[in-house]
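S.K.: My structure is below; once you've seen it, I'll send some questions.
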DNA sequence: TGTCTTTGGTCAGTCTCTCTGATTAAAGTA
DNA sequence: TACTTTAATCAGAGAGACTGACCAAAGACA
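Shown next, in the form of structure tokens:
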């Protein structure tokens, strides 16, 4: 079984479940919006940086931030350090979604640990974190 | 770091690289088309089954198969066992892409093994295969 | 200082993928 | 035979992603 598919299947499961949990709690965001939202730094992040880290064009990132802004999950404030730039910041409303997402993630991890064991779960994490070094173009 | 993102990042890397390799070899398929094509059984597969295993609606699967058919990568033949159904089969042309994809996958795995070591790579595979039991809705 | 290049972001247009809803036709069932 | 289910398609719409063109501020430098 190919390594891409092996990674894809559990990843899809996590994305689906976390999004479903967040939606069920009343936060109406899409997967694409969530992927951008997730990458907004507590101190605010420039659009260019968001685009780069989410691996989409700045037009796409801008489109998604527009929607998140309309829905009240982020706001754009001028960047004091650069007159051209604006910082995307998460609002209080969006911050309330974080514990919902984290709770579902914890639930998933617990189920997985139940199925494959604590030791293997730790090994999985370790291997994936190391792979991030060579597969995360943003890092 | 959340387990979803940890899975997502290397998965994206694999998908990008394999697709780029296949494209570079002259096979013009998209990621979505590839995801369907990958799931066609050597003996042929019904559209409904493809849709289910790729986790899309049958309309979407049908749309992608249409494109793959136009490009000459699959053909639809009547299903001898069911007058309503047709079997999607891969053509010789598509079969030629398989070794290209496999070669890139092997290259990726070798690089990863180089970075995290043989032992951790085996552990990663084992954990992911076990997780498939509980996260692959098709299995 | 004034020009040139780079960088952050937007506008316009298009394409691909995905969905929902409705429909057709063959199979299976009572 | 009539009813229900299943395999697939048609029609229409929305989301998300891209390329290309553009503007304005910042940085570099002669």
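Protein chains in written order, with the numbering used here: chain P, 52 to 190; chain V, 52 to 190.
We put the beta carbon where it would ideally sit given N, CA and C, even for glycine.
1) I'd like to check one pair, residue 166 (chain P) with residue 184 (chain V): are the Cβ atoms closer than 8 angstroms?
2) Leaving out the 5 sequence neighbours to the left and right, which residues in its chain are closer than 8 angstroms to residue 127 (chain V) when beta-carbon positions are compared?
3) Helix, strand or coil for residue 129 (chain V), going by three-state DSSP, please let me know.
4) Which stretch, first to last residue, makes up the beta strand (DSSP E) that contains residue 137 (chain V)?
5) Can you pull the chain P residues whose beta carbon is under 7 angstroms from the beta carbon of residue 69 (chain V), in chain order?
6) Which residue marks the beginning of the alpha helix (DSSP H) containing residue 67 (chain V), and which one marks its end?
7) Can you give me, in chain order, the residues of the stretch 107-118 of chain V that have a beta carbon less than 7 angstroms from any beta carbon in chain P?
8) Using a Cβ-Cβ distance cut-off of 8 angstroms, determine whether residue 150 (chain P) contacts chain V.
9) Output yes if chain P places a C-beta closer than 8 angstroms to the C-beta of residue 78 (chain V); else output no.
10) If you measure from the beta carbon of residue 182 (chain V) to each beta carbon in chain P, is any gap under 8 angstroms?
11) Got a sec? Which residues, its chain only, sit under 8 angstroms from residue 109 (chain P) by beta carbon, not counting five neighbours each side?
12) Using 8 angstroms as the cut-off, can you tell me whether the stretch 87-98 of chain V makes contact with the stretch 67-83 of chain P, which would need three or more C-beta pairs spanning the two stretches below that distance?
13) If you check the beta carbons only, do residue 180 (chain V) and residue 52 (chain P) fall under 8 angstroms apart?
14) Between V:131, V:154, V:105, V:64, which lies nearest to residue 76 (chain V) when the distance is taken from Cα to Cα?
15) Shorter than 8 angstroms from the beta carbon of residue 246 (chain V) to some beta carbon of chain P?
16) Closer than 8 angstroms between beta carbons: that is the criterion. Which residues of the stretch 167-180 of chain V meet it against chain P?
17) Going along the chain, which residues of the stretch 75-104 of chain V sit with their C-beta nearer than 8 angstroms to a C-beta in chain P?
18) In the DSSP assignment, the alpha helix (DSSP H) including residue 113 (chain P) goes from what residue to what residue?
19) Can you have a look at residue 61 (chain P) and say buried or exposed, based on whether 16 or more other CB atoms are within 10 angstroms of its CB?
M.R.: Judging by the given coordinates:
1) On the second chain, position 133 is the one that residue 184 (chain V) refers to. On the first chain, position 115 is the one that residue 166 (chain P) refers to. Yes, the pair counts as a contact, with Cβ atoms nearer than the cut-off.
2) By one-based count along the second chain, residue 127 (chain V) stands at place 76. Taken in chain order, the residues that qualify are 116, 120, 137, 138, 139, 140.
3) As a first step, residue 129 (chain V) must be located in the second chain, where it is residue number 78. Secondary structure at residue 129 (chain V): strand, using DSSP grouped into helix, strand and coil.
4) One-based indexing of the second chain puts residue 137 (chain V) at position 86. First-last of the beta strand (DSSP E) with residue 137 (chain V): 137-141.
5) Indexing the second chain from 1 puts residue 69 (chain V) at position 18. The answer, in chain order, is 55.
6) Working through the second chain from its first residue, we reach residue 67 (chain V) at position 16. Counted as a single uninterrupted DSSP element, the alpha helix (DSSP H) harbouring residue 67 (chain V) occupies residues 54-75.
7) none
8) As a working note, residue 150 (chain P) is residue 99 in the first chain. No, residue 150 (chain P) lies away from the interface with chain V (no Cβ there is under 8 angstroms from its Cβ).
9) Counted from its first residue, the second chain places residue 78 (chain V) at position 27. Closer than 8 angstroms: no.
10) Residue 182 (chain V) sits at position 131 when you count from the first residue of the second chain. Yes, because at least one Cβ of chain P sits closer than 8 angstroms to the Cβ of residue 182 (chain V).
11) Mapped onto the first chain, residue 109 (chain P) falls at position 58. The answer, listed in chain order, is 98, 99, 102.
12) no
13) Here the question's residue 180 (chain V) lines up with position 129 in the second chain. Here the question's residue 52 (chain P) lines up with position 1 in the first chain. Yes, they are a contact pair.
14) On the second chain, position 25 is the one that residue 76 (chain V) refers to. Scanning V:131, V:154, V:105, V:64 for the CA closest to the CA of residue 76 (chain V) turns up V:154.
15) With chain V covering 52 to 190 only, the question about residue 246 (chain V) has no answer from this structure.
16) 167, 171, 172, 174, 175, 176, 177, 178, 179, 180
17) 89
18) Here residue 113 (chain P) is taken as the residue at index 62 of the first chain, counted from 1. That run of the alpha helix (DSSP H) goes 109-121.
19) For this step, residue 61 (chain P) is matched to residue 10 along the first chain. Flag for residue 61 (chain P) reads buried.
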